[in-house]
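> Mind the numbering: the sequence shown is residues 564 to 672 in this note's numbering, read in order. Let me begin by handing over the structure; questions about it come next.
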Amino acid sequence: MKMIVAVVQDQDAPQLLEKLLSSGHRATRLATTGGFLRQGNTTLMIGAEDDKVEDLLHLIEETCRSRRQVVTPWVPLGGTVDSYVPYPMEVTVGGATVFVLAVEEFRKL
Ligand code: 2BA
């Protein structure tokens, strides 16, 4: 068994959840915050049998769009804090950041 931990954008989460549930998967939705943008995103925990993982990754990939976003970083990217002058930059967020973890044991108690 595997645990898929997927960080997705809030805009994609409802559609992804609907697709997951309607295709027989189970998922837990967590409200999370990105460390870089300090903006809300959604993390889904999806427990699945090994042979379902590729299907799930495909579902996530086809549902989660990448979007460009202009941000002003809160912290310097490589420079020192003293000389830091914040300026806007463009980043591409998503589709999805996905971790596939091996599950040692799964029990429902
Ligand atoms: P954030 O940390 O808010 O990052 C949002 C986007 O900002 C990232 O999109 C990336 O394009 C950009 N970014 C992040 N750190 C940066 C940096 N040091 N310099 C320049 N640009 C930077 P994604 O890569 O698609 O990540 C979306 C969200 O996925 C992240 O939100 C974070 O919540 C999560 N994430 C990404 N990589 C992760 C990791 N290795 N571990 C845990 N969570 C991660």
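Using N, Cα and C, we set each Cβ at its ideal position, and we do this for glycine too.
Measure the CB-CB distance between Met564 and Asp613 and report whether it falls below 8 angstroms.
Position 1 of the sequence shown, counted from the first residue, corresponds to residue 564. Position 50 of the sequence shown, counted from the first residue, corresponds to residue 613. In contact: Met564 and Asp613 (Cβ atoms closer than 8 angstroms).
> Any residue with its C-beta under 5 angstroms from a non-hydrogen atom of the ligand 2BA counts. Can you list them all in chain order?
Ordered along the chain, the selected set is Val570, Gly597, Gly598, Phe599, Leu600, Val654, Val656, Gly657, Thr660.
> Within 10 angstroms of the Cβ of Asp575, are there 16 or more other Cβ atoms? Answer buried if so, exposed if not.
The residue labelled residue 575 in the question sits at position 12 within the sequence shown. Buried: at least 16 other Cβ atoms inside 10 Å.
> Please go through the same chain and pick out, in chain order, the residues whose beta-carbon is closer than 8 angstroms to the beta-carbon of Gly657, but skip the five residues on each side of it.
Mapped onto the sequence shown, residue 657 falls at position 94. Counting only Cβ-Cβ distances below 8 angstroms, and skipping sequence neighbours, we find Val571, Gln572, Asp575, Cys627, Arg628, Ser629, Arg630.
> Starting from Gln578, follow the alpha helix (DSSP H) in both directions and report where the run begins and ends.
Position 15 of the sequence shown, counted from the start, is the residue given in the question as residue 578. Unbroken alpha helix (DSSP H) run through Gln578: 576-585.
> Which two residues bound the contiguous beta strand (DSSP E) that contains Thr635?
Translated into the one-based positions of the sequence shown, residue 635 becomes position 72. From DSSP, Thr635 is part of no beta strand (DSSP E); its letter is neither H nor E.
> Look at the alpha carbon of Gly587 and the alpha carbon of Thr595, and state the distance between them as a whole number of angstroms.
The residue you call residue 587 lines up with position 24 of the sequence shown. The residue you call residue 595 lines up with position 32 of the sequence shown. Rounded to the nearest angstrom, the two C-alpha atoms are 24 angstroms apart.
> Can the beta-carbon of Ala659 be found closer than 8 angstroms to that of Ala569?
Here the question's residue 659 lines up with position 96 in the sequence shown. Here the question's residue 569 lines up with position 6 in the sequence shown. The answer is yes: Cβ separation under 8 angstroms.
> Mapping the DSSP letters down to three states, classify Lys615 as helix, strand or coil.
As a first step, residue 615 must be located in the sequence shown, where it is residue number 52. DSSP places Lys615 in helix when its eight states are reduced to three.
> Helix, strand or coil: how does DSSP classify Leu607 here?
By one-based count along the sequence shown, residue 607 stands at place 44. Three-state DSSP puts Leu607 in a strand.
> Sort Phe662, Leu593, Ser585 by Cα distance to Gly603 and report the nearest one.
In the sequence shown, counting from the first residue as 1, residue 603 sits at position 40. Among Phe662, Leu593, Ser585, the Cα nearest to that of Gly603 belongs to Leu593.
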